[in-house]
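Quick notes on the structure that follows.
Protein chains: 2
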Amino acid sequence: MQDAQQRKGEDTRERILNAAEAAVLKKGFAATSIDELIAAVGLTKGGFFYHFKDKGELAKALLVRYIERENALFDELFGRADQLNEDPLHGFLVGLKMLSELMADLPNGHPGCLVASFCYQDRLFDREVRELNTAAVLGWRKRFRERLDRIAARYPPRNDVDLDDVADMLSVIADGGIILSKVVKDKDALPRQVMLYRDFVRGIFLGA
Amino acid sequence: MQDAQQRKGEDTRERILNAAEAAVLKKGFAATSIDELIAAVGLTKGGFFYHFKDKGELAKALLVRYIERENALFDELFGRADQLNEDPLHGFLVGLKMLSELMADLPNGHPGCLVASFCYQDRLFDREVRELNTAAVLGWRKRFRERLDRIAARYPPRNDVDLDDVADMLSVIADGGIILSKVVKDKDALPRQVMLYRDFVRGIFLGA
DNA sequence: CCGTCAACTGTATCCGTGGTACAGTGTTTT
DNA sequence: AAAACACTGTACCACGGATACAGTTGACGG
């Protein structure tokens with residue numbers, strides 16, 4: 001196989017995706033022109049369409065890559081927190097602290113969530129993209145619900161809370177916190193909201 | 209003055225704004241064409257530009273109207289909750305319950321938040337529109353912070369929480385909850401998140 | 001009943017750009 | 001040398017934003 005060529009192709013594709021993701025999060029998908037992307041990457045229109053058969057394919061590729069990265073991040077981060085801590089509750093709390101710190105360390109604040117961006121423009125996309133979006137959020141629910149179940153087995157929670165809702169709340173805080181941070185131009189607002197969520201979770205299981 | 213004519217003009221303007229708001233929340237601002245708006249309202253292009261000198265003015269009018277309505281809603285809702293309850297904490301908790309129920313009663317779920325939509329497309333707009341957006345969120349912070357201060361005067365809160373953050377959290381939960389509801393296609397997810405926020409607030413002041 | 005003003009319609013027109021198609025080219029690998 | 005990949009270059013169209021402006025309708029005020 002043509003290693004060097006393929007690597008170059010993959011690299012170009014990645015650079016298109018990088019430019020596209022940044023532009024989409026600032027202006028939305030419809031307002032992101034192919035012209036500006038190829039100008040940023042140094043490519044011709046034909047080159048773009050060699051990688052993506054149309055703009056819809058670009059949208060799909062953007063979202064797939066974004067979701068994979070988020071999942072990898074959660075795997076890595078909460079996996080590390082688990083290793084540091086045997087207790088599931090404290091492992092989760094440590095993970096949330098790390099998540100908050102990770103967000104605080106972004107020099108220009110969080111760039112934005114593609115799931116949220118696509119949600120507010122979902123009529124631009126086909127069924128497949130919308131289903132990808134739905135599946136991603138349901139995946140996060142499942143992921144964190146499993147953690148919460150493990151915690152609940154050891155720390156009986158207040159019986160009036162639905163753990164699916166608590167699991168969803170992390171996505172809610174993240175998406176809402178990103179919007180808050182962007183709109184009020186305070187990059188630390190997001191990590192502080194994550195810490196509030198952490199307080200809430202602690203309160204549910206420790207009754208504090 | 210020509211009452212009937214002016215009323216007709218205002219009515220047309222409102223209908224343009226209604227059509228535009230619905231379209232913007234589904235497809236984004238850039239993808240919302242003037243052609244589709246005038247088709248929906250039954251107008252010609254000349255008629256549109258009679259009301260708005262360009263598309264930017266439409267954006268501004270949309271956001272101004274949206275923010276005014278939200279503020280009016282909060283005034284009405286929490287004002288009513290205050291009248292029913294002398295205690296500031298219970299007044300707030302009743303207001304949050306009412307907010308949750310109001311959202312649950314929307315037959316097709318929440319249509320979306322323009323502030324969030326504009327946030328994810330803010331490079332399309334001029335400084336004025338972006339500042340309107342920022343001011344709106346800061347206004348909500350101030351509004352709820354004042355309530356929280358009144359509550360804190362009677363119920364000493366846990367000393368490790370910042371009340372600005374708790375005030376912001378309502379916007380966060382609302383925006384994040386709307387996205388959650390839309391993406392997972394469960395209109396009740398949003399009101400349930402609002403109830404979780406209510407639990408959190410209760411816990412802060414009552415230590416439950 | 002006349003004049004005026006608001007609220008349009010209708011028509012024409014310009015320009016930029018998103019999106020598509022496809023033939024050809026250079027470079028690398030086998 | 002041929003095949004495969006990663007493009008370039010060019011040509012093209014439809015659509016949408018924006019402008020301009022003359023004409024029309026209907027309500028109102030004097």
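Sequence lines, in order, name chains F and C.
When the letters of the first sequence are read in order and numbered with our numbering, they come out as residues 1 to 208.
When the letters of the second sequence are read in order and numbered with our numbering, they come out as residues 209 to 416.
Quick reminder that beta carbons are idealized off the backbone N, C-alpha and C, glycines included.
Cutting at 6 Å between CB atoms, please list the residues of its own chain near residue i, excluding the five before and the five after it.
i: isoleucine 275 of chain C; result: Ala344
i: alanine 231 of chain C; result: Thr240
i: methionine 209 of chain C; result: Model confidence at methionine 209 of chain C stands at a pLDDT of 45, short of 50, so the residue's coordinates are unreliable; what they give is reported in the following sentence. Answer for methionine 209 of chain C: no residue qualifies.
i: isoleucine 242 of chain C; result: Phe256
i: tryptophan 348 of chain C; result: Ser379
i: cysteine 321 of chain C; result: Asp383, Ile386
i: aspartate 290 of chain C; result: Gly299
i: leucine 249 of chain C; result: For the record, residue 249 of chain C in the displayed sequence is valine; it is not leucine. So the qualifying residues of the chain are Arg223, Ile224, Ala227.
Which whole-angstrom value describes the C-beta separation of residue i and residue j, a residue pair presumed to lie in contact below a C-beta threshold of 8 Å?
i: glycine 176 of chain F; j: tyrosine 328 of chain C; result: Not quite, the Cβ-Cβ distance comes to about 13 Å (not below 8 Å), so this is no contact.
i: leucine 285 of chain C; j: isoleucine 359 of chain C; result: Rounded, the Cβ-Cβ distance is 17 Å, inconsistent with contact.
i: arginine 192 of chain F; j: aspartate 283 of chain C; result: Rounded, the Cβ-Cβ distance is 27 Å, inconsistent with contact.
i: alanine 238 of chain C; j: alanine 30 of chain F; result: 4 Å
i: phenylalanine 375 of chain C; j: leucine 404 of chain C; result: Going by the sequence as given, residue 375 of chain C is alanine instead of phenylalanine. Actually they are not in contact, since the Cβ atoms of alanine 375 of chain C and leucine 404 of chain C sit about 16 Å apart, beyond 8 Å.
Identify the contact partners of residue i in chain C, using a Cβ-Cβ distance below 7 Å as the criterion.
i: phenylalanine 200 of chain F; result: Phe408
i: glycine 203 of chain F; result: Gly411
i: alanine 189 of chain F; result: Asp376
Starting from residue i, find everything on chain C with Cβ-Cβ shorter than 8 Å and list it in chain order.
i: glycine 177 of chain F; result: Val380, Gly384
i: threonine 134 of chain F; result: Val391, Val392, Lys393
i: alanine 152 of chain F; result: The premise fails here: alanine 152 of chain F is roughly 16 Å from chain C at the closest Cβ pair, so nothing lies under 8 Å.
i: leucine 138 of chain F; result: Val392
i: valine 129 of chain F; result: What valine 129 of chain F touches in chain C: nothing, since even the nearest Cβ is about 12 Å away.
i: glutamate 126 of chain F; result: The residue asked about is misnamed: residue 126 of chain F is aspartate in this sequence, not glutamate. Within 8 Å Cβ-Cβ: nothing; aspartate 126 of chain F doesn't reach chain C, min ~14 Å.
Counting only the same chain and skipping the five closest in sequence on each side, list residues whose C-beta sits under 8 Å from that of residue i.
i: leucine 292 of chain C; result: Gly299, Val302
i: valine 323 of chain C; result: Leu271, Tyr274, Ile275, Asn341, Ala344, Val345, Asp383
i: arginine 406 of chain C; result: Leu301, Leu304, Lys305, Ser308
i: alanine 259 of chain C; result: According to the sequence provided, residue 259 of chain C is histidine. The question's alanine does not apply to it. Within the same chain, histidine 259 of chain C has close Cβ partners Gly217, Thr220, Arg221, Ile224.
i: serine 117 of chain F; result: Val24, Leu25, Gly28, Phe29
i: aspartate 396 of chain C; result: Ala312, Ser389
i: aspartate 414 of chain C; result: It should be noted that the sequence gives leucine, not aspartate, for residue 414 of chain C. If we look at leucine 414 of chain C and ignore the five residues flanking it on each side, its Cβ neighbours are Leu297, Tyr363.
i: aspartate 87 of chain F; result: Arg154
Given that residue i touches chain F, what residues does it touch there, using C-beta distances under 7 Å?
i: glycine 320 of chain C; result: Tyr120
i: methionine 377 of chain C; result: Gln193, Leu196
i: serine 325 of chain C; result: Tyr120
Check the Cβ of residue i against every Cβ in chain C and list those closer than 9 Å, keeping chain order.
i: alanine 20 of chain F; result: Those within 9 Å of alanine 20 of chain F in chain C number zero; the least Cβ separation is about 14 Å.
Applying a beta-carbon distance threshold of less than 9 Å, which residues of chain F neighbour residue i?
i: arginine 331 of chain C; result: Ala23, Lys26, Lys27, Gly28, Ala31
i: aspartate 373 of chain C; result: Ala189, Arg192, Gln193, Met195, Leu196
Given residue i, which residues of its chain have a CB within under 7 Å of its CB, disregarding the five upstream and five downstream residues?
i: leucine 332 of chain C; result: Phe237, Ala238
i: valine 194 of chain F; result: Leu96, Leu99, Ser100, Met103, Ile173, Gly177
i: valine 369 of chain C; result: Ile412
i: glutamate 244 of chain C; result: Ala231
i: valine 72 of chain F; result: Sequence inspection shows alanine at residue 72 of chain F; the valine mentioned does not correspond to that position. Taken in chain order, the list of residues that qualify is empty.
i: alanine 44 of chain F; result: What sits at residue 44 of chain F in the sequence shown is threonine, not alanine. Within the same chain, threonine 44 of chain F has close Cβ partners Ile38.
i: phenylalanine 200 of chain F; result: none
Counting only Cβ pairs nearer than 8 Å, list the residues of chain F close to residue i.
i: leucine 388 of chain C; result: Val137, Asp168, Ser171, Val172, Asp175
Any 3 or more C-beta pairs closer than 8 Å across the segment 52–65 of chain F and the segment 12–23 of chain F: yes
Contact the segment 108–124 of chain F vs the segment 176–183 of chain F: 3+ CB pairs below 8 Å: yes
Cβ pair count under 8 Å reaching 3, the segment 152–162 of chain F against the segment 118–131 of chain F: no
The segment 346–354 of chain C / the segment 370–386 of chain C touching (three or more Cβ pairs under 8 Å): yes
Near-chain F residues of the segment 285–316 of chain C (beta-carbon distance less than 9 Å), N- to C-terminal order: none
Residues within the segment 63–75 of chain F neighbouring chain C, beta-carbon criterion of under 9 Å: none
Members of the segment 241–256 of chain C that neighbour chain F once the beta carbon cut-off is set at 8 Å: none
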